[in-house]
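Chemist: When we follow this note's numbering, the leftmost residue of the sequence shown carries the number 7, and every step to the right adds one.
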Amino acid sequence: MRPAWCPALLFVWGAGCGETADGAMPEAPGASPPMMVVEPPKTNGDDGMPMGNGQDASLDPDPGPKPDAHSGGQAPEPDASDTPDAAAPEPEIESPPALLSQTGLYADIGSETLADGVVTYRPRFELWSDGAEKRRWFYLPEGTQIDTSDMDKWRFPVGTKAWKEFTRDGVRVETRLVEKTDEGWELIAYIWREDGSDADADDLGMENARGTPHDVPGTTLCNSCHLGQPDRLLGISALQLWHDDGDMTVQSLMAEGRLTNPPAGPPTLPSDPTALNALGGMHANCGSCHTPEHLEVFDKADGLILTLPYGGSTDPTQAPAYMTAVGVAVDNALGDLPERIAAGAPDQSQLFYRMELPPGDEDGMPPTAVELPNTELITAVRTWIEMM
Ligand code: HEC
Ligand code: HEC
Numbered sequence: 007m008r009p010a011w012c013p014a015l016l017f018v019w020g021a022g023c024g025e026t027a028d029g030a031m032p033e034a035p036g037a038s039p040p041m042m043v044v045e046p047p048k049t050n051g052d053d054g055m056p057m058g059n060g061q062d063a064s065l066d067p068d069p070g071p072k073p074d075a076h077s078g079g080q081a082p083e084p085d086a087s088d089t090p091d092a093a094a095p096e097p098e099i100e101s102p103p104a105l106l107s108q109t110g111l112y113a114d115i116g117s118e119t120l121a122d123g124v125v126t127y128r129p130r131f132e133l134w135s136d137g138a139e140k141r142r143w144f145y146l147p148e149g150t151q152i153d154t155s156d157m158d159k160w161r162f163p164v165g166t167k168a169w170k171e172f173t174r175d176g177v178r179v180e181t182r183l184v185e186k187t188d189e190g191w192e193l194i195a196y197i198w199r200e201d202g203s204d205a206d207a208d209d210l211g212m213e214n215a216r217g218t219p220h221d222v223p224g225t226t227l228c229n230s231c232h233l234g235q236p237d238r239l240l241g242i243s244a245l246q247l248w249h250d251d252g253d254m255t256v257q258s259l260m261a262e263g264r265l266t267n268p269p270a271g272p273p274t275l276p277s278d279p280t281a282l283n284a285l286g287g288m289h290a291n292c293g294s295c296h297t298p299e300h301l302e303v304f305d306k307a308d309g310l311i312l313t314l315p316y317g318g319s320t321d322p323t324q325a326p327a328y329m330t331a332v333g334v335a336v337d338n339a340l341g342d343l344p345e346r347i348a349a350g351a352p353d354q355s356q357l358f359y360r361m362e363l364p365p366g367d368e369d370g371m372p373p374t375a376v377e378l379p380n381t382e383l384i385t386a387v388r389t390w391i392e393m394m
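1. What does a CB cutoff of less than 6 Å around Glu185 pick up in its chain, not counting 5 residues either side in sequence?
2. Would a C-beta distance cut-off of 8 Å place Ala284 and Ala121 closer than the cut-off?
3. Using only alpha-carbon positions, find the residue among Pro269, Cys292, Pro223 that is nearest to Met157.
4. Taking its Cβ as the centre, do 16 or more other Cβ atoms sit within 10 Å of Arg399, making it buried, or is it exposed?
5. How about Ser243: is its C-beta nearer than 8 Å to some C-beta of chain C?
6. By alpha-carbon positions, which one of Phe131, Trp143, Ser135, Thr280 ends up nearest to Tyr112?
7. Quick one: residues in its chain with C-beta nearer than 7 Å to the C-beta of Ile311, no 5 flanking neighbours on either side, listed in chain order?
8. Which residue wins for smallest C-alpha separation from Thr226, given the options Ala195, Glu189, Met393?
9. Near Arg3, which residues of its chain fall below 6 Å by C-beta distance, leaving aside the five closest residues on each side in sequence?
10. Could you compute how far the alpha carbon of Glu362 sits from the alpha carbon of Gly370?
11. Could you compute how far the alpha carbon of Gly264 sits from the alpha carbon of Gln246?
12. Do you know offhand how far Glu302's Cα is from Thr374's?
13. Of the residues Asp278, Asp251, Val177, Ala244, which one's Cα is nearest the Cα of Thr266?
14. So the beta strand (DSSP E) Lys140 belongs to, where does it begin and stop?
15. I need the straight-line Cα distance from Leu397 to Asp204, nearest angstrom please.
16. With DSSP collapsed to three states, give me the class of Pro379.
17. Flag this pair as yes or no: are the beta carbons of Cys231 and Leu240 separated by less than 8 Å?
18. Kindly confirm or deny that the segment 131-139 and the segment 271-278 touch, where touching means at least three C-beta pairs closer than 8 Å.
19. Compare the C-alpha of Glu171 against each of Phe131, Tyr127, Gly149 and name the closest.
20. Under a Cβ-count criterion, where at least 16 other Cβ atoms within 10 Å of its own Cβ denotes burial, should Thr109 be classed as buried or exposed?
21. Jot down the residue ranges of each uninterrupted alpha helix (DSSP H) in the segment 342-382, minimum 4 residues, whole runs only, in chain order.
22. I want to check one thing, is the minimum distance from the CB of Gln246 to the heavy atoms of ligand 2 below 7 Å?
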């Protein structure tokens, strides 16, 4: 059994969790800064404050001055000679804040009134989360723009925030936050209280939270996917927001002058709907890891790219997933299947084999964050491979 705090993915990757910070994964060649820090999430003494920050700061090329003790990093050991200082000023709100109500999502959490400038949105291709219902919100500070000079890698200004709420079997379980601060990115989950009055930050995660089968990931696990984008946000992109569904789309951002380089037109996508279905589904469910940006995974899976670019080709055989998988040999031929994808033959394809393994199997893909099979995507990929 892995220790409770050991993120499943690191365990699966064999990074182990019996180690300390010294057990950090080897850096990918040329990778700078380190792609992932493997260390037990920092325990936070007894003040109940989240400590997600230290970790993310270490991912930032220039994390700037170290935050003080209560915003993460190395909190000093409590000193026996320290006496509580009644005259100390109220601590400022931590980053990330301890309560969801302090993150800027709601003007009034009780009535769920959103704060000014917070908009709802929906990505075109969604991440499967065992059928949980999700709601998403985004905040771009007033007067700022998203740097869209690279349409596949948007860059966001300091102060940007996104939230995603998960409801499972009718129970609102958690709301996740990704926030860009001047010290780097914060990723953390807030677990809802029983009475629904607020939600508490929890950087260690929780299995079967709020009496549901839903597992809340710890901050280390967030990064295992979110490092797939240099600026962390995975579903707020040109590809994902070019549609007519939701308050925020590429078109609405363009109309408001929020993009430094507005795209000249809609994305160029594979014209075949069966291929698009499979490739779009893999973009969301596999592409956060299987991308050159995520050197750690990219190296291990030897250049397998499962993202869909904004300005790609209408010819599905030119899609990165096709080019890096069809007829390409795998390193480790599990199930005696030597090709990543054997054209026309899903059951001879390593990629399909690994998707079909039951969630939780250590060789299954995706390797984390699912307990129920994503049958829609499995069917889409099967149909796509069959028609090749
Ligand atoms: C298995 C990979 C994976 C893990 C683990 C994961 N995420 Fe995400 N997350 C995604 C993908 C893919 C999207 C975009 C698609 C969507 O929203 O359905 C996303 C979207 C989000 C969004 C909306 C903004 C955005 O990036 O598009 C937030 C906020 C978020 N995640 C926070 C977190 C936090 C905080 C954690 C850890 C507590 C976490 N996520 C863990 C893959 C992951
Ligand atoms: C959280 C990150 C992550 C996600 C999400 C993910 N993978 Fe992987 N994948 C890995 C890692 C790490 C490896 C290398 C280790 C291994 O082979 O298990 C890998 C290996 C693979 C391989 C073997 C490649 C080779 O040539 O050896 C295939 C095929 C694959 N993944 C397909 C998928 C598919 C399809 C999805 C989505 C349904 C997916 N992966 C989602 C991390 C991920």
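Every residue gets a Cβ at the ideal spot worked out from N, C-alpha and C, and that includes glycine.
Modeler: Walking through what the data contain:
1. Here residue 185 refers to the residue found at position 179 when the sequence shown is read from its first residue. The residues are Lys167, Glu192.
2. The residue you call residue 284 lines up with position 278 of the sequence shown. The residue you call residue 121 lines up with position 115 of the sequence shown. Not in contact: Ala284 and Ala121 (Cβ atoms no closer than 8 Å).
3. Residue numbering aside, residue 157 sits at position 151 when the sequence shown is read from its first letter. Answer by Cα proximity: Pro269.
4. Because the chain is modelled from 7 through 394, residue 399 falls outside the range shown and cannot be assessed.
5. The question asks about chain C, but that chain is absent: this structure has only one protein chain.
6. Stepping through the sequence shown from its first residue, residue 112 is reached at position 106. It is Trp143.
7. What you label residue 311 is simply residue 305 of the sequence shown in a count that begins at 1. The answer, listed in chain order, is His296, Thr297, Pro298, Pro326, Ala327, Thr330.
8. As a first step, residue 226 is located in the sequence shown; it is residue number 220 there, counting from the start. The option with the nearest alpha carbon to Thr226 is Ala195.
9. Because the chain is modelled from 7 through 394, residue 3 falls outside the range shown and cannot be assessed.
10. Within the sequence shown, numbered from 1, the residue matching residue 362 stands at position 356. Within the sequence shown, numbered from 1, the residue matching residue 370 stands at position 364. Near 7 Å, if we compare the C-alpha coordinates of Gly370 and Glu362.
11. By one-based count along the sequence shown, residue 264 stands at place 258. By one-based count along the sequence shown, residue 246 stands at place 240. Before going further, note that residue 264 is Arg rather than Gly in the sequence given. Going by the C-alpha atoms only, they are around 16 Å apart.
12. Residue numbering aside, residue 302 sits at position 296 when the sequence shown is read from its first letter. Residue numbering aside, residue 374 sits at position 368 when the sequence shown is read from its first letter. So the two alpha carbons sit approximately 15 Å from each other.
13. In the sequence shown, residue 266 corresponds to position 260, counting from 1. Among Asp278, Asp251, Val177, Ala244, the Cα nearest to that of Thr266 is on Ala244.
14. Taking the first residue of the sequence shown as position 1, residue 140 is located at position 134. First-last of the beta strand (DSSP E) with Lys140: 139-145.
15. In the structure displayed, the chain extends from 7 to 394; residue 397 sits before or after that span and is not available.
16. Here the question's residue 379 lines up with position 373 in the sequence shown. Three-state result, Pro379: coil.
17. On the sequence shown, position 225 is the one that residue 231 refers to. On the sequence shown, position 234 is the one that residue 240 refers to. Against a cut-off of 8 Å, the Cβ pair of Leu240 and Cys231 comes out as a contact.
18. no
19. Translated into positions along the sequence shown, residue 171 becomes position 165. Residue Tyr127 is the option with its Cα nearest to Glu171.
20. Position 103 of the sequence shown, counted from the first residue, corresponds to residue 109. Under this definition Thr109 is a buried residue.
21. 356-362
22. The count along the sequence shown starts at 1 and reaches residue 246 at position 240. For ligand 2, not one heavy atom lies less than 7 Å from the Cβ of Gln246.
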